[in-house]
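Undergrad:
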Amino acid sequence: MNVVLELDPLILARWQFGLTTLYHFLFVPLTLGMALLVAILQTAWVRTGKIKYLQLTKLFGKIFLINFAMGVVTGIVQEFQFGMNWSDYSRFVGDIFGAPLAIEGLLAFFLEATFIGLWIFGWDKLPKKVHLLTIWLTSIASIMSAYFILAANAFMQNPVGYKLNPERGRAELTDIGAVLTNPVALAQFPHTIFASVMFAACVVVAVAAWHLSRKQHVDTMRTALRFGLWTNIIGFVGTFFSGDSLGLVMTQTQPMKMAAAEGLYQTATGADASFSLFSIGTPDGAHEIFSVRIPYLLSFLSTHTFNGTVEGINDLQAEYTARYCGEDSLLTCPSDGSFTPIIWVTYWAFRWMIGLGVLAALVSVVGLWLTRKNRSVPQWAWKVAVWSAPIPLVASLVGWIFTEMGRQPWIVFGLMTTESGVSPGVTGLAVLISLVVFTLVYGALAVVEFKLITAAAKAGPPAIEEPEDGSDVDHAALTTVY
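Quick note: the sequence shown uses our numbering, first residue 431, plus one each step.
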């Protein structure tokens, strides 16, 4: 009996892009957040002259550099995948999608790479304040880089600033300003930055807690601990309010995503538009068996009113079918006719994103309470602090899963379905081979990254002696600290 294993290039291409994207995103939040925190710590040193701030700058600067290098390596692969597995998508939308990515590479990343080099090698060559400026410019450039990438992604969520050219069969850019000021990008940007600050702050807390549990570098690490705890709470507040704004924009631009986030099949208003904290339904997700609900909350999240209407999946399915599945439809009607994403993925990803973010903030609130007035901290608290470091990162990852999976079946909302964007000449076997290779290579890089950062964290702050005569630290000696 012959067994034929059919490899679907679409499914494999989606898995490959999803895995490599999420893997690359492991490094993005730490780069964005840690660059900012290192700049703040170095500013504290320049303003106060206290050696502990310089030590923390060097320690977390090293972690930032390790992470930055790994992020660059893994990010390069992303660009090649558009041509490898998604050539029809690239051909259709490349005129628009490529513009913000080109600006990111030629402007933001160029500035980031330039100033990070000046920061690394300029300790003994640049005046103190000029050298401080280089790390701030590095942070600003990395944030700019994030914005341009988010603007490109926002076009996929809410296409603006384009016109369709039927003769060439593609979308063409008409207004770069509209692309760069896409409401989705404007809402996604602060949400991403604040979430990145949370993760970087939790890493600072974890490193400090590890040393404090062993009573090492107590004065320096206590400062790092309190700094990280407060920064995480500030990051959470920013993430909360920016997430609320993003929810409003999402409801306006992608109502199906909000309906899928709640598993809401029938259009609801007011008290009926409730938010379920927990729900058990039938295997297809179409019917609820049991749930714990908060009345009016979904209405408020979607419209900022308690009597707002939230469109349901069934009504939206009928609306999209009438709009996108006409006789002339080529790229906008899925082969199965369904415009509904995978409900259980969007439902639980949305809740895990919120729940993990709240949990990370609670860890910091408890940490501030336990460490007030130099009180003795139980050993279990240090362990919780160390192991809670990845919580904001996991929240960000499931948030992106929700963002991208909730957009399905679209690769560009309203313009092109995902199945229409895959490369027609790529076989399932070819995608499978590259998927396996990427997974193995990325797995090895993950081990290297974790060991390097762990080693740097455990090594602790460098030993820098404060001059007895009160003079400035010898900058020439600082170049050897790394």
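Backbone N, C-alpha and C fix where the C-beta goes; we use that ideal spot for every residue, glycine too. Quick caveat, the model's predicted, so the values are computed rather than measured.
With a threshold of 16 other CB atoms inside 10 Å of the CB of A906, please say whether the residue is buried or exposed.
TA: Start at 1 with the first residue of the sequence shown, and residue 906 comes out as number 476. A caution first: A906 carries a pLDDT of 47, below 50, which makes its placement in the model unreliable, though a value can still be read off. By the 10 Å Cβ count, A906 comes out exposed.
Undergrad: With distances taken Cα to Cα, identify the nearest neighbour of S768 among Y750, P613, W778, L827.
TA: The residue you call residue 768 lines up with position 338 of the sequence shown. Among Y750, P613, W778, L827, the Cα nearest to that of S768 is on Y750.
Undergrad: In or out: R644 buried (at least 16 other Cβ within 10 Å) or exposed?
TA: In the sequence shown, counting from the first residue as 1, residue 644 sits at position 214. So R644 ends up on the exposed side.
Undergrad: Just mark D605 as buried or exposed, buried being the case when its beta carbon has 16 or more other beta carbons within 10 Å.
TA: Here residue 605 corresponds to residue number 175 of the sequence shown, with the count starting at 1. Result: exposed.
Undergrad: Leaving aside the five residues before and after N432 along the sequence, list all residues of the same chain whose C-beta is less than 6 Å from its C-beta, in chain order.
TA: One-based indexing of the sequence shown puts residue 432 at position 2. Because N432 carries a pLDDT of 43, less than 50, the predicted location of this residue cannot be relied on, and the following value inherits that uncertainty. Nothing listed; no residue qualifies.
Undergrad: In the DSSP output, which residue or residues are listed as bridge partners for V878?
TA: Position 448 of the sequence shown, counted from the start, is the residue given in the question as residue 878. V878 is not bridged by DSSP to any residue.
Undergrad: Taking only the alpha-carbon atoms, compute the straight-line gap between F527 and A698 and give it to the nearest angstrom.
TA: Taking the sequence shown and counting its residues from 1, one reaches residue 527 at position 97. Taking the sequence shown and counting its residues from 1, one reaches residue 698 at position 268. Going from the Cα of F527 to the Cα of A698 covers about 36 Å.
Undergrad: Taking DSSP's pairing of strands, which residues face V842 in a bridge?
TA: Stepping through the sequence shown from its first residue, residue 842 is reached at position 412. Answer is M846, bridged to V842.
Undergrad: Between the region 664-679 and the region 796-808, are three or more C-beta pairs nearer than 8 Å?
TA: no
Undergrad: Could you tell me which of W640, M574, T762 sits nearest to P620, measuring between CA atoms?
TA: Working through the sequence shown from its first residue, we reach residue 620 at position 190. Relative to the Cα of P620, the nearest Cα in the group W640, M574, T762 belongs to M574.
Undergrad: Within its chain, find whatever has a CB closer than 6 Å to the CB of A811; leave out the 5 residues flanking it on each side and keep chain order.
TA: One-based indexing of the sequence shown puts residue 811 at position 381. For A811, where only same-chain residues beyond five positions count, the Cβ hits under 6 Å are L800.
Undergrad: Among the residues of its own chain, which have a CB less than 7 Å from the CB of D438, if the five just before and after it don't count?
TA: Counting from 1 along the sequence shown, the entry for residue 438 is found at position 8. Here the set comprises G858.
Undergrad: Could you tell me which uninterrupted alpha helix (DSSP H) segments, each at least 4 residues in length, are contained entirely in the region 647-688, listed from first to last along the chain?
TA: 648-683
Undergrad: Please say whether A690 and I743 have beta carbons closer to each other than 8 Å?
TA: Mapped onto the sequence shown, residue 743 falls at position 313. Mapped onto the sequence shown, residue 690 falls at position 260. Yes; because the gap between Cβ atoms is below 8 Å, this pair is in contact.
Undergrad: What separation, rounded to the nearest whole angstrom, lies between the Cα atoms of R477 and F657?
TA: Working through the sequence shown from its first residue, we reach residue 477 at position 47. Working through the sequence shown from its first residue, we reach residue 657 at position 227. About 16 Å.
Undergrad: Assuming S626 contacts P459 (C-beta within less than 8 Å), just tell me the rounded distance between them.
TA: In the sequence shown, counting from the first residue as 1, residue 626 sits at position 196. In the sequence shown, counting from the first residue as 1, residue 459 sits at position 29. With a Cβ gap of about 4 Å, S626 and P459 count as contacting.
Undergrad: Check each candidate in A654, K888, E879 and name the one with the smallest Cα separation from I470.
TA: Your numbering for residue 470 matches position 40 in the sequence shown. It is A654 whose Cα lies nearest to the Cα of I470.
Undergrad: Kindly indicate which three-state DSSP category R521 falls into: helix, strand or coil?
TA: Counting from 1 along the sequence shown, the entry for residue 521 is found at position 91. Here R521 sits in helix by DSSP.
Undergrad: Identify every run of the beta strand (DSSP E) within the region 783-858, keeping only runs that are complete inside it and at least 3 residues long; order them along the chain.
TA: Counting whole runs of 3 or more residues, the region 783-858 contains the beta strand (DSSP E) stretches 840-842.
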